[in-house]
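I have placed the structure first, in the form of structure tokens, so that the comments after it can refer back to it.
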Amino acid sequence: MTLALSDENRTADPVPVAGLRQAEAQLIAMLRLWRSGAESRAEVWNRLCLALGPARGRMCLRAFEDVLRLLHQHGWRDLTVLPPGAMRISDDERGFAAFALQATEADREEALLQATFLVAPAAMLRLVHAAGRLSLPLLCEESRCRLAAAARDA
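To convert, take the position in the sequence shown, counting from 1, and add 960; that gives my numbering.
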């Protein structure tokens, strides 16, 4: 699947990628790598397998592909996605990561409201569902890393 994402820099804050939560940084890295070709897509898969294991990584990748497909088919416009390695974050990247995490962590109605800014009404529920399936394993991995760090520090 090919997703046409814009290289235009509509807006980008000088917020460092390092200042993001682990799950947010992972989502943005996935977006950036996915549009960079087959080798980069393989890297997305490898990272997910390493972090989540093959089964959960496969489910997460399928959800990611579903989200991208829905954005491509029903989105209001292309997302502004900066190249891998960029030290700043576009508003679209930040919004995408926040929406995906919100679909799991926050109120479902709030996630649906945010979906109205991303896709046509016919795709809103499917987008929120796919985003929840995408972000849940990433949030679980973030929690495991925090627990492991706390155990090491104790």
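Ideal Cβ placement from N, Cα and C applies to all residues, glycine included.
Legend entry - Rounded separation between L1072 and A1080 - CA only: 11 Å
Inset, instruction - Please go through the stretch 1022-1075 and give each complete beta strand (DSSP E) segment of 3 or more residues, from N-terminal end onward. - result: none
Inset, instruction - Rounded to whole angstroms, what's the CA-CA distance from M1084 to F1077? Just pull it up for me. - result: 10 Å
Inset, instruction - Could you tell me which of D1051, S1050 and H1089 sits nearest to A1066, measuring between CA atoms? - result: H1089
Inset, instruction - Using DSSP bridges, identify the partner residues of V1079. - result: G1035
Inset, instruction - Below 8 Å CB to CB, which residues in the same chain sit around L1096 once its five sequence neighbours on both sides are set aside? - result: T1064
Inset, instruction - Using the Cα positions of M1019 and E1025, report the straight-line distance between them to the nearest angstrom. - result: 10 Å
Inset, instruction - Whole angstroms is fine: what's the gap from R1029's alpha carbon to R1106's? - result: 32 Å
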